[in-house]
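First to last, the sequence lines map onto chains A and B. Under the numbering used here, the first residue of the first sequence carries the number 191, and numbering increases by one thereafter. Under the numbering used here, the first residue of the second sequence carries the number 11, and numbering increases by one thereafter. Heads up, the thing below is written out as structure tokens.
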Amino acid sequence: MTGLAPSRVEMQSRLEQALATRTPVAVATVVRGGQVGAKLLILPGETLGGLGDAPLDLAVQTDAPDLLARERSETRPYHVAGHPEPVEVFIETFPPPPTLLIFGAVHVAQPLSRFAKALGFDVIVSDARAKLATVERFPDADRVIQGWPDETLAEVEILPNTYVAILSHDPKFDEPALIGTLGTPAAYIGAIGSRNTNEDRRRRLAEAGMSPEQIARMRAPIGLDIGAATPEEMAISILGEIIALRRGRDGGSLTAATGRIRGAREEAVAAR
Amino acid sequence: MKDILPEVDAWRTAGSRVAIATVVKVEGSAPRPVGATMAVSSAGDLAGSVSGGCVETAVFEEAQEVLRTGQPKLIRYGITDEMAWDVGLACGGTIEVFVEPVTE
């Protein structure tokens, strides 16, 4: 521990840089006991600042990755030499945001892109049709890719926090998008279409060699059953289904539900 | 915290001092989760929230004091006999809010 302590400005700029580059990062702050207000910025393989006690820094640095993986922030007590009461440290995590990958730059995709941005998703819109896949139509999207699904999938890495919405209503776009994503670790794959369309679609996916398990991953017709009729309502229905899936919920009405209102189902169980 | 960064940057650029309040602990049922933040400027601006509206006014006043003293502060809000009709949480939970100045 030599050299000058980094300034708050430096810590803030490193935090903002990590957020911009989608680097997992955590900020620990002493909130009770000890050196209240002291901060430690925890980056992969590196820390900045300090909480006023080197073993405390190390203990907090050790705890941060698990909280990041669970997308949780919390205040934890630590025993620190010279302090009779535990020192409480708030560990705030900034896991990289989820990505919503939309195939089909159609009307529904416009409110979907806008609402998903407001929910904190990185949004990518893909369509081979140059008239539809434009930045003007999708000013909120992080990326608009004019290309076929296989071209898009060659450019975009599908991660466990990637959510896929397939909206083009046209088998020549929808099916390559489904075939290209059902075998990936994507968290969610939803496809628009009527019940009849989806029966045909499931049969054709099987003929194309997709396994029953892969086909069963597809959420189709896409969205929650809220009677959505307009593009905006359909976007809400799709995002409702995605939020419910992220939290392990069914998406019913809270009036009929029991237990905790917010958060993941396992937290609800643990809290009882 | 990410959601209030644009406001914090704008207020600081305009020459205001800024305090940030963060929900650091929740017990029982509370309207906003751990990590919810609210920013307050010395010019009287307010962005974000730490509850559903129940304690924002009280936190605003605490933040002004933190800006005057420069000392961060941990405040606990919950339903107590004397607070039930004052700045208590309508939903019956307890929250702890850490208020700190944004410093150089």
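Even glycine gets a Cβ: it sits at the ideal position worked out from N, Cα and C.
From residue i to residue j, what does the alpha carbon distance come to, in whole angstroms?
{"i": "V221(A)", "j": "K362(A)", "result": "56 Å"}
{"i": "P286(A)", "j": "A210(A)", "result": "9 Å"}
{"i": "R407(A)", "j": "R212(A)", "result": "27 Å"}
{"i": "D13(B)", "j": "R394(A)", "result": "44 Å"}
{"i": "Q225(A)", "j": "C64(B)", "result": "30 Å"}
{"i": "Q81(B)", "j": "I281(A)", "result": "20 Å"}
{"i": "Q61(B)", "j": "F108(B)", "result": "As written in the sequence, residue 61(B) is Ser, which differs from the Gln given in the question. So the alpha carbons of these two residues sit roughly 13 Å apart."}
{"i": "P421(A)", "j": "S427(A)", "result": "10 Å"}
{"i": "D253(A)", "j": "R436(A)", "result": "23 Å"}
{"i": "G383(A)", "j": "P329(A)", "result": "26 Å"}
{"i": "Y378(A)", "j": "R439(A)", "result": "14 Å"}
{"i": "A244(A)", "j": "T352(A)", "result": "37 Å"}
{"i": "P295(A)", "j": "G239(A)", "result": "At residue 295(A) the sequence reads Ala, which differs from the Pro that was named. One C-alpha to the other measures close to 45 Å."}
{"i": "V346(A)", "j": "A367(A)", "result": "12 Å"}
{"i": "N388(A)", "j": "P111(B)", "result": "55 Å"}
{"i": "T47(B)", "j": "A376(A)", "result": "30 Å"}
{"i": "I272(A)", "j": "D247(A)", "result": "The question names Ile, yet the displayed sequence has Gly at residue 272(A). C-alpha separation (whole angstroms): 15 Å."}
{"i": "Q74(B)", "j": "V250(A)", "result": "30 Å"}
{"i": "A381(A)", "j": "V298(A)", "result": "12 Å"}
{"i": "G227(A)", "j": "V270(A)", "result": "16 Å"}
{"i": "I232(A)", "j": "T445(A)", "result": "41 Å"}
{"i": "A344(A)", "j": "V18(B)", "result": "39 Å"}
{"i": "K35(B)", "j": "V44(B)", "result": "6 Å"}
Closer than 8 Å by C-beta to residue i: which residues in its own chain qualify, once you throw out the five before and the five after it? Chain order, please.
{"i": "A398(A)", "result": "E365, I369"}
{"i": "A53(B)", "result": "W21, A24, S26"}
{"i": "L257(A)", "result": "A216, S263, E264, I281, T283"}
{"i": "P402(A)", "result": "A396"}
Would you say residue i lies against chain B (beta-carbon separation less than 7 Å)?
{"i": "T445(A)", "result": "no"}
{"i": "T448(A)", "result": "no"}
{"i": "F280(A)", "result": "yes"}
{"i": "T265(A)", "result": "yes"}
{"i": "E200(A)", "result": "no"}
{"i": "G227(A)", "result": "yes"}
{"i": "V221(A)", "result": "yes"}
Note the first and the last residue of the continuous alpha helix (DSSP H) segment covering residue i.
{"i": "E403(A)", "result": "402–406"}
{"i": "V69(B)", "result": "66–79"}
{"i": "F316(A)", "result": "Sequence check: residue 316(A) is Ser here, not Phe. Taken as a continuous stretch (DSSP letters only), S316(A) belongs to no alpha helix (DSSP H), being part of the beta strand (DSSP E) at 312–317."}
{"i": "S427(A)", "result": "421–436"}
{"i": "E341(A)", "result": "339–345"}
{"i": "S59(B)", "result": "Careful: S59(B) lies outside any alpha helix (DSSP H) and carries neither H nor E."}
{"i": "L444(A)", "result": "It is not in any alpha helix (DSSP H) - L444(A) carries neither H nor E in the DSSP assignment."}
{"i": "V18(B)", "result": "15–23"}
{"i": "T371(A)", "result": "361–371"}
{"i": "V250(A)", "result": "244–259"}
Against chain A, with Cβ distances strictly below 7 Å, would residue i count as a contact?
{"i": "V44(B)", "result": "yes"}
{"i": "P82(B)", "result": "yes"}
{"i": "V34(B)", "result": "yes"}
{"i": "F108(B)", "result": "yes"}
{"i": "T113(B)", "result": "yes"}
{"i": "W21(B)", "result": "no"}
So residue i is in the beta strand (DSSP E); what residue range does that whole segment cover?
{"i": "T283(A)", "result": "277–284"}
{"i": "K83(B)", "result": "83–88"}
{"i": "P375(A)", "result": "Taken as a continuous stretch (DSSP letters only), P375(A) belongs to no beta strand (DSSP E), as it is neither H nor E."}
{"i": "R222(A)", "result": "215–222"}
{"i": "S203(A)", "result": "Here S203(A) belongs to no beta strand (DSSP E); instead the alpha helix (DSSP H) covers 198–210."}
{"i": "K229(A)", "result": "229–233"}
{"i": "T352(A)", "result": "352–356"}
{"i": "P301(A)", "result": "Here P301(A) belongs to no beta strand (DSSP E); instead the alpha helix (DSSP H) covers 299–308."}
Residues in its own chain within less than 7 Å of residue i by CB, not counting five upstream and five downstream?
{"i": "G441(A)", "result": "L414, G430, E431, A434"}
{"i": "K72(B)", "result": "Inspection of the sequence shows that residue 72(B) is occupied by Glu rather than by Lys. The answer, listed in chain order, is K83, I85, V109."}
{"i": "P301(A)", "result": "P421, E422, A425"}
{"i": "G373(A)", "result": "Q404"}
{"i": "K307(A)", "result": "V313, D330"}
Just to confirm my understanding: we take residue i, look at its own chain, exclude 5 residues before and 5 after, and list those with CB closer than 6 Å. What are they?
{"i": "S51(B)", "result": "W21, S26, V28"}
{"i": "D332(A)", "result": "D312, V313"}
{"i": "S316(A)", "result": "F293, I335, T342"}
{"i": "S197(A)", "result": "none"}
Please list the partners that residue i has in chain E, where partner means a Cβ-to-Cβ separation under 9 Å.
{"i": "M48(B)", "result": "In the structure shown, chain E does not exist; the protein chains are A and B."}
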